[in-house]
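Engineer: First the structure, then my questions, so here it is.
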Amino acid sequence: MTYKNPPTAPRQSATFDEYTLSEIRRAAATGIYDIRGAGAKRKVPHFDDLLFLGASISRYPLEGYREACGTNVVLGARHAKKPIELKIPITIAGMSFGSLSGPAKEALGRGATLAGTSTTTGDGGMTEEERGHSEILVYQYLPSRYGMNPHDLRRADAIEVVVGQGAKPGGGGMLLGQKISDRVAEMRTLPPGIDQRSACRHPDWTGPDDLEIKIQELREITDWEKPIYVKVGGARPYYDTALAVKSGADVVVLDGMQGGTAATQEVFIENVGLPTLACIRPAVQALQDLGMHRKVQLVISGGVRNGADVAKALALGADAVSIGTAALVAIGDNDPRWEKEYQALGTTAGAYDDWHEGRDPAGISTQDPELMKRVDPVAAGRRLANYLKVMTLEAQTIARACGKNHVHNLEPEDLCALSIEASAMAGVPLAGTDWIPGKTGL
9 MTYKNPPTAP RQSATFDEYT LSEIRRAAAT GIYDIRGAGA KRKVPHFDDL LFLGASISRY
69 PLEGYREACG TNVVLGARHA KKPIELKIPI TIAGMSFGSL SGPAKEALGR GATLAGTSTT
129 TGDGGMTEEE RGHSEILVYQ YLPSRYGMNP HDLRRADAIE VVVGQGAKPG GGGMLLGQKI
189 SDRVAEMRTL PPGIDQRSAC RHPDWTGPDD LEIKIQELRE ITDWEKPIYV KVGGARPYYD
249 TALAVKSGAD VVVLDGMQGG TAATQEVFIE NVGLPTLACI RPAVQALQDL GMHRKVQLVI
309 SGGVRNGADV AKALALGADA VSIGTAALVA IGDNDPRWEK EYQALGTTAG AYDDWHEGRD
369 PAGISTQDPE LMKRVDPVAA GRRLANYLKV MTLEAQTIAR ACGKNHVHNL EPEDLCALSI
429 EASAMAGVPL AGTDWIPGKT GL
């Protein structure tokens with residue numbers, strides 16, 4: 009009797025997977041690169057690869073909810089007459105009016121205010137709704153200079169000089185014409201409906217010496233009242249942090265590659281920059297080497313999702329974190345209830361492929377008047393405040409379990425890593441060992 013060999017199942021290539029094949033076909037058919045929003049989708053070492061070592065006999069834990077655990081943070085006390093005082097170490101990242109709708113920006117301001125923290129303007133200038141509903145508002149000063157004027161600089165509570173962001177360090181932003189409404193065009197001094205690309209570098213300085221002069225100019229414009237932040241994308245965190253400090257920054261904001269963007273080339277998002285986890289320790293080391301750790305505050309952003317992420321960033325030496333994508337989800341973006349409409353756009357809720365197109369069914373990343381009506385800024389603001397409250401409670405819970413009466417008392421020795429890569433990046437031992445790759449013996 010003869011036996012036939014059973015057919016083997018087709019084996020998909022790990023290199024040429026389904027998405028890669030579809031992207032090759034799309035590029036061949038169109039002749040243009042792909043543009044999308046959000047941050048990197050590839051898997052890289054992240055906060056999930058770290059674990060806390062809670063107290064037992066060798067450490068004494070604090071009783072949950074009965075013993076205080078502080079969360080307040082002061083940003084910008086190095087030079088500013090009026091530093092920023094926050095109730096929680098979680099801020100809202102810069103996201104522009106233009107990229108986001110007016111109601112969405114208002115909701116972010118309302119939610120941040122309810123939670124006792126700050127929000128940030130983003131590219132494109134300051135709207136009255138955002139200023140009116142943000143108790144603490146950070147004004148971003150970008151290469152484009154869109155909407156920039158001395159009056160609004162003085163109305164802000166802090167100024168953030170943006171050198172780069174994690175999704176595209178070294179690259180400028182994009183805003184497609186369908187999102188440049190008459191109001192956006194007026195604020196940015198642009199023609200309505202025409203695609204816009206922001207510059208990748210500031211027009212009036214090229215290095216740290218010029219940056220120092222620019223920071224001095226901003227201090228003089230604002231009578232030395234406002235803290236000056238410098239934001240950099242995660243690329244060379246040690247040197248960028250050191251140069252920002254030497255240029256006079258009060259606060260350094262460091263954005264890893266999981267940080268989002270309104271729109272840029274996907275090849276940029278997925279292939280330029282460092283994972284957030286790889287950015288923190290070099291930046292902290294730069295501050296320590298200069299004797300400026302905790303004197304110049306470090307704010308970390310890029311893929312922060314929950315209170316555990318917050319606690320891990322603080323344990324590694326950050327003073328605060330900033331959230332963008334998570335804040336948009338909290339106020340209603342990519343809600344599955346709009347799934348049919350997301351599918352009509354060729355995407356799905358949770359994929360974040362639609363941000364640049366201006367047809368967001370949730371009314372968040374759009375300038376369409378009808379879609380914007382779907383956002384109730386009051387209710388959305390409450391949702392954001394609830395989310396920030398939960399993140400803060402989670403961070404406090406972890407801090408107490410590690411025996412700390414303030415979240416800033418968390419430290420690297422409270423952590424271990426689950427992988428060699430995460431251990432090397434974070435500078436904490438591999439779980440079950442005292443080995444840190446590249447730092448301790450074999």
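Take the sequence shown: its position 411, counted from the start at 1, is 419 in this note's numbering, and no numbers get skipped.
Idealized CB from N, CA, C, for every residue including glycine.
For C77, does the three-state DSSP call read helix, strand or coil?
Structural biologist: Residue state, collapsed to three classes: coil.
Engineer: Would you tell me roughly how many angstroms separate the C-alpha atoms of N80 and Y154, rounded to the nearest one?
Structural biologist: So the alpha carbons of these two residues sit roughly 33 Å apart.
Engineer: Just the C-alpha distance for D317 and L282, rounded to the nearest angstrom, thanks.
Structural biologist: About 17 Å.
Engineer: Return the first residue and the last residue of the alpha helix (DSSP H) that Q351 is part of.
Structural biologist: E347 to A352 is the span of the alpha helix (DSSP H), which, as asked, contains Q351.
Engineer: Taking all protein chains shown into account, do 16 or more other C-beta atoms lie within 10 angstroms of the C-beta of P344, making it buried, or fewer, making it exposed?
Structural biologist: Label assigned to P344: exposed.
Engineer: Are the segment 96-105 and the segment 244-254 touching by the rule of at least three beta carbon pairs closer than 8 Å?
Structural biologist: With a cut-off of 8 Å, the segment 244-254 and the segment 96-105 do not count as touching, because too few Cβ pairs lie within range.
Engineer: Could you check where the beta strand (DSSP E) with F276 kicks off and where it finishes?
Structural biologist: Here F276 belongs to no beta strand (DSSP E); instead the alpha helix (DSSP H) covers E274 to N279.
Engineer: Would I92 pass as a contact of I331 if the rule is Cβ separation under 9 Å?
Structural biologist: Cβ distance not < 9 Å, so I92 and I331 don't count as in contact.
Engineer: Whole angstroms are fine: how far does the CA of A409 sit from the CA of G64?
Structural biologist: The sequence shown places Ser at residue 64, not Gly. Cα to Cα, S64 sits roughly 9 Å from A409.
Engineer: For C424, name the three-state secondary structure that DSSP assigns.
Structural biologist: Strand at C424.
Engineer: Could you give the first and the last residue of the continuous alpha helix (DSSP H) run that contains A291?
Structural biologist: Run containing A291: T284 to D297, per the alpha helix (DSSP H) assignment.
Engineer: If you count every other CB in all the chains shown that lies within 10 Å of the CB of K320, and 16 or more means buried, which is it?
Structural biologist: Answer is buried; the Cβ neighbour count reaches 16.
Engineer: Kindly confirm or deny that the segment 160-179 and the segment 353-372 touch, where touching means at least three C-beta pairs closer than 8 Å.
Structural biologist: Touching, no, given that fewer than three Cβ pairs across the two stretches are closer than 8 Å.
Engineer: In three-state DSSP terms, what is F105?
Structural biologist: Residue state, collapsed to three classes: strand.
Engineer: Let me check understanding here. Comparing Cα to Cα, which of G78, K49, G47 and R196 lies closest to K412?
Structural biologist: K412 has its Cα closest to that of G78, out of G78, K49, G47 and R196.
Engineer: Which word fits Y68, buried or exposed, when buried means at least 16 other C-beta atoms lie within 10 angstroms of its C-beta?
Structural biologist: When all chains shown are included, Y68 counts as exposed.
Engineer: Are R205 and G178 touching if we call contact CB-CB under 9 Å?
Structural biologist: No, these two residues do not count as a Cβ contact at 9 Å.
Engineer: So if DSSP puts F145 in a beta bridge, which residue, or which two residues, is it bridged to?
Structural biologist: The sequence given here has Leu at residue 145, not Phe. Note: L145 sits in a beta bridge opposite T127.
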